[in-house]
Structures are given as structure tokens and as C-alpha cells.
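What follows is one structure encoded as C-alpha cells, with my remarks underneath.
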Amino acid sequence: NAGVTQTPKFQVLKTGQSMTLQCAQDMNHEYMSWYRQDPGMGLRLIHYSVGAGITDQGEVPNGYNVSRSTTEDFPLRLLSAAPSQTSVYFCASSFSPGVTEAFFGQGTRLTVV
Amino acid sequence: TQLLEQSPQFLSIQEGENLTVYCNSSSVFSSLQWYRQEPGEGPVLLVTVVTGGEVKKLKRLTFQFGDARKDSSLHITAAQPGDTGLYLCAGAPGETSGSRLTFGEGTQLTVNP
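So the sequences go chain by chain: A and B.
Residues in the first sequence are numbered from 1 upward in steps of one, following my numbering.
Residues in the second sequence are numbered from 114 upward in steps of one, following my numbering.
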């Protein structure tokens, strides 16, 4: 089973460039989310979605956009990359609200120079 | 934002020793999850606790949810080098938790042979 697939695994951007981090899941999960992980700060929620067509902001949404046109895909867009967005990004999905396991992708390591 | 404080942030012990990691908050969570993350990978769920006072065991790992559902602990007995990794606690704020989890800062555990 593929689970949650993130691409690319590594990316270097110049300040001001834009890009999209891809996330796809094949488990038919309604809930998907994006986190960033920085040293000593755990995972911080950027945006999340409770189903196709529905998205909402998390803890650190500034500088990022998301959309959810299908159940399977939840891309994260960086509008104008800044060095502060250098981080490791994780996409996660889960089946339903309540006590459910979140399945994570392998992460995208992004460096903004 | 509901905050989760994990302690200690770093822990380096010898094989065979016991250890406890703590996860504390001033907020009540409907459930508390513990994840383990290895370098270059996404977090993987170890356990979910739901009921106040609940204790769950997973081989040498014992997880406890506080009576007031504001804190949790992870105790490892006779640690082994294979236990090395980043341990993360994550709280679900309510019925619509799903992918919206609040993570602690993580505890980096190193077990030396």
C-alpha cells in the first residue's frame, strides 16, 4: 500500500520563488493536513482539510495556500518563498474525526536561500 | 492554541536503563497520541489513549493518560538501542480532531549500547 505520498523529497528555492508541494493518499481518508517541523518545535499545523472542497487554517498558515479538489490530493503552495520557510514539511491523512491514527508521508525537506 | 509541553527535550541513556517522558498541558484533550519518528521518515503512531487514567502497554512501553486528561507519560523499561528516536505526543482537542493534532516539541531519545 502506498499510503501517503509526498513529492518532492528535497527542494531548494530562491527567495521569492513559488512552488507546490504535492501530497496524495490512497486510503480514502477525509481528513488531510500539512505540518512543518523545525528543530525543537515539534510539528506545527499549517492548513488542514476535512473533506474535498473544505479547507481551514492551522497554527502557522501565513505564506501558504491549499486546495482540496479531490479526496486523494492536498497540495501545499508556497506563494513567495522566504528563508523562514526553510523546514521539513509533512502531509498527514486520517479516516474520520475523533480518535484516529494520522498517517504521515515521508516529508519534503525545503531550503530557501 | 492548545499547547503541549514535553520533557525532557533530550535524553541519552545506557542500554538497560528505564526512562519516562512527560507530556503536559493546561488544556483538556479528548485523546492523546504518542508517535515515534526516525530520521528521514514521518511520525508513526505508537498508541492512543482516550479515557482519563487509562494505562496502555506495548511490550516494554507503558503509556498513561492523566485523570484530568491534561497530561500523559511514556515509560520505557530496559531501554534498547532500537528504541532510539524522536518521541512526540499529540493531543486531539475534540470530536473533530482527525488530522488536526497539537504536537509537543518532542523528546529525542538516544540509547547507547
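Note that the Cβ used here is the ideal one computed from N, Cα and C, for glycine as well.
When DSSP states are grouped into helix, strand and coil, B/Gln122 belongs to the coil group.
With contact defined as three or more Cβ pairs closer than 8 angstroms, the region 40-50 of chain A and the region 213-220 of chain B are in contact. What B/Arg149 touches in chain A, judged by beta-carbon distance under 8 angstroms, is nothing: the nearest beta carbon there is about 11 angstroms away.
In the DSSP secondary-structure assignment, B/Val141 is not bridged to any residue. With the rule of 3 Cβ pairs closer than 8 angstroms, the region 126-137 of chain B counts as touching the region 190-205 of chain B. Within chain A, the residues Gly42, Leu43 have their CB atoms less than 7 angstroms from the CB of B/Phe216, given in chain order. For the region 149-163 of chain B, the set of positions with a beta-carbon nearer than 8 angstroms to some beta-carbon of chain A reads Gly153, Glu154, Gly155, Pro156, Val157, Leu158, Thr161, Val163 in chain order. Taking a C-beta distance under 7 angstroms as the contact criterion, B/Tyr135 and B/Ser186 qualify as a contact pair. Distance between A/Tyr35 and B/His188, taken at the CA atoms: about 27 angstroms. If you ignore the 5 residues before and after B/Arg182, its C-beta comes within less than 7 angstroms of the C-beta of Val141, Phe142, Gly165, all in its own chain and listed in chain order. Just measuring C-alpha positions, the residue of A/Ser33, A/Ile54, A/Tyr64 sitting nearest A/Thr20 is A/Tyr64. A/Leu45 sits buried, since 16 or more C-beta atoms from the chains shown fall within 10 Å of its C-beta. Taking all protein chains shown into account, A/Glu30 has 16 or more neighbouring C-beta atoms within 10 Å of its C-beta and is therefore buried. Pairing A/Thr108 with A/Gln6 gives a Cβ-Cβ distance under 7 angstroms. In this structure, B/Leu199 places its C-beta atom within 7 angstroms of the C-beta atom of B/Gln150. Counting only Cβ-Cβ distances below 8 angstroms, A/Gly53 has no contacts in chain B at all, with the closest Cβ about 16 angstroms away. Residues of chain A with a Cβ closer than 9 angstroms to the Cβ of B/Leu201 are, in chain order, Gly42, Leu43. The beta carbon of A/Ser93 sits closer than 6 angstroms to the beta carbons of Val4, Gln25, His29, Met32, Phe103 from its chain, once the five residues preceding and following it are set aside; these are given in chain order.
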